[in-house]
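For the sequence shown, position 82 matches number 81 in numbering that gives the first Met the number 0, and the numbering has no gaps at all. We put the CB at the ideal spot given by N, CA and C, even for glycine.
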Amino acid sequence: MAHYVLLSNFTDQGIRTIKDTQKRAEAFKAMASKSGVKVHTLLWTLGKHDVVVIAEAEDDIAATALALSIASMGNIRTETLRAFDTADMTKILAKMA
(Lines of atoms letter the chains of each structure in order from A and count residues from 1; the text may use other names and numbers.)
(Lines give C-alpha, C1' and ligand atoms only; values in the text may rest on other atoms or scores of the structure.)
Protein backbone atom coordinates (compact mmCIF):
# COMPACT_ATOMS: atom_id res chain seq x y z
CA MET A 1 0.00 0.00 0.00
CA ALA A 2 1.21 3.50 -0.83
CA HIS A 3 1.19 6.36 1.68
CA TYR A 4 -0.34 9.78 1.04
CA VAL A 5 -0.57 13.11 2.82
CA LEU A 6 -3.59 15.23 1.92
CA LEU A 7 -3.24 18.93 2.71
CA SER A 8 -6.62 20.64 2.63
CA ASN A 9 -7.94 24.17 2.89
CA PHE A 10 -11.55 25.19 3.42
CA THR A 11 -13.29 26.98 0.56
CA ASP A 12 -15.68 29.86 1.22
CA GLN A 13 -18.49 27.30 1.24
CA GLY A 14 -16.57 25.12 3.70
CA ILE A 15 -16.08 28.05 6.07
CA ARG A 16 -19.74 29.09 5.86
CA THR A 17 -20.73 25.57 6.93
CA ILE A 18 -17.82 24.99 9.34
CA LYS A 19 -20.10 23.58 12.05
CA ASP A 20 -20.61 20.53 9.79
CA THR A 21 -16.88 19.84 9.47
CA GLN A 22 -16.92 16.84 11.83
CA LYS A 23 -19.86 15.28 9.96
CA ARG A 24 -18.04 15.84 6.68
CA ALA A 25 -14.89 14.25 8.12
CA GLU A 26 -16.85 11.11 9.06
CA ALA A 27 -18.41 11.03 5.58
CA PHE A 28 -14.91 11.36 4.09
CA LYS A 29 -13.66 8.42 6.16
CA ALA A 30 -16.62 6.31 5.00
CA MET A 31 -16.01 7.32 1.38
CA ALA A 32 -12.33 6.45 1.75
CA SER A 33 -13.13 3.05 3.19
CA LYS A 34 -15.48 2.26 0.29
CA SER A 35 -12.72 3.31 -2.12
CA GLY A 36 -10.18 1.01 -0.49
CA VAL A 37 -8.28 3.88 1.11
CA LYS A 38 -7.34 3.58 4.79
CA VAL A 39 -7.36 6.87 6.69
CA HIS A 40 -4.77 6.71 9.48
CA THR A 41 -5.18 10.23 10.80
CA LEU A 42 -7.39 13.24 10.11
CA LEU A 43 -6.38 16.43 11.93
CA TRP A 44 -7.67 19.99 11.89
CA THR A 45 -4.67 22.30 11.95
CA LEU A 46 -3.57 25.88 12.48
CA GLY A 47 -1.38 27.54 9.88
CA LYS A 48 -1.21 27.22 6.11
CA HIS A 49 -3.57 24.22 5.91
CA ASP A 50 -6.89 23.65 7.66
CA VAL A 51 -6.98 19.83 7.56
CA VAL A 52 -4.23 17.22 7.18
CA VAL A 53 -4.93 13.56 6.41
CA ILE A 54 -2.49 10.65 6.46
CA ALA A 55 -3.78 7.72 4.41
CA GLU A 56 -2.81 4.54 2.60
CA ALA A 57 -4.16 3.51 -0.79
CA GLU A 58 -3.64 0.69 -3.25
CA ASP A 59 -2.25 3.13 -5.83
CA ASP A 60 -2.18 6.72 -7.09
CA ILE A 61 -5.45 6.23 -8.96
CA ALA A 62 -7.40 5.31 -5.81
CA ALA A 63 -5.86 8.19 -3.82
CA THR A 64 -6.49 10.72 -6.59
CA ALA A 65 -10.07 9.56 -7.14
CA LEU A 66 -10.77 10.01 -3.43
CA ALA A 67 -9.17 13.47 -3.35
CA LEU A 68 -11.15 14.59 -6.41
CA SER A 69 -14.37 13.15 -5.01
CA ILE A 70 -14.06 15.05 -1.75
CA ALA A 71 -12.94 18.27 -3.48
CA SER A 72 -15.89 18.10 -5.89
CA MET A 73 -18.25 18.60 -2.93
CA GLY A 74 -17.00 22.18 -2.76
CA ASN A 75 -15.98 22.44 0.90
CA ILE A 76 -12.21 22.00 0.55
CA ARG A 77 -9.35 22.24 -1.90
CA THR A 78 -6.82 19.45 -1.52
CA GLU A 79 -3.18 18.92 -2.40
CA THR A 80 -2.16 15.26 -2.39
CA LEU A 81 1.42 14.27 -1.64
CA ARG A 82 2.84 10.79 -2.23
CA ALA A 83 4.79 9.84 0.88
CA PHE A 84 7.43 7.18 1.49
CA ASP A 85 8.04 5.19 4.67
CA THR A 86 11.39 3.72 5.72
CA ALA A 87 10.89 0.52 3.69
CA ASP A 88 10.06 2.54 0.56
CA MET A 89 13.03 4.81 1.09
CA THR A 90 15.34 1.80 1.47
CA LYS A 91 14.18 0.52 -1.94
CA ILE A 92 14.59 3.96 -3.51
CA LEU A 93 18.12 4.38 -2.18
CA ALA A 94 19.06 0.87 -3.33
CA LYS A 95 18.14 1.81 -6.92
CA MET A 96 20.31 4.91 -6.97
CA ALA A 97 23.19 4.89 -9.42
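Residue j beta carbon less than 8 Å from that of residue i
i     : j     : result
Leu65 : Met95 : no
Ser7  : His48 : yes
Delimiting residues of the alpha helix (DSSP H) encompassing residue i
i     : result
Ala86 : Thr85 to Ala93
Where the beta strand (DSSP E) through residue i begins and ends
i    : result
Ala1 : Ala1 to Phe9
Cα-Cα separation, residue i to residue j
i     : j     : result
Thr85 : Val52 : 19 Å
Gln21 : Asp87 : 33 Å
Met72 : Ala26 : 11 Å
Leu42 : Val50 : 6 Å
Lys90 : Phe83 : 10 Å
Glu57 : Thr79 : 15 Å
Opposing strand residues paired with residue i [DSSP bridges]
i     : result
Arg15 : None, per the DSSP bridge assignment.
Ala82 : His2
If we require 4 or more residues per run, which alpha helix (DSSP H) segments fall completely within the stretch 18 to 74? The stretch 18 to 74 contains these whole alpha helix (DSSP H) runs: 20 to 33 and 59 to 70.
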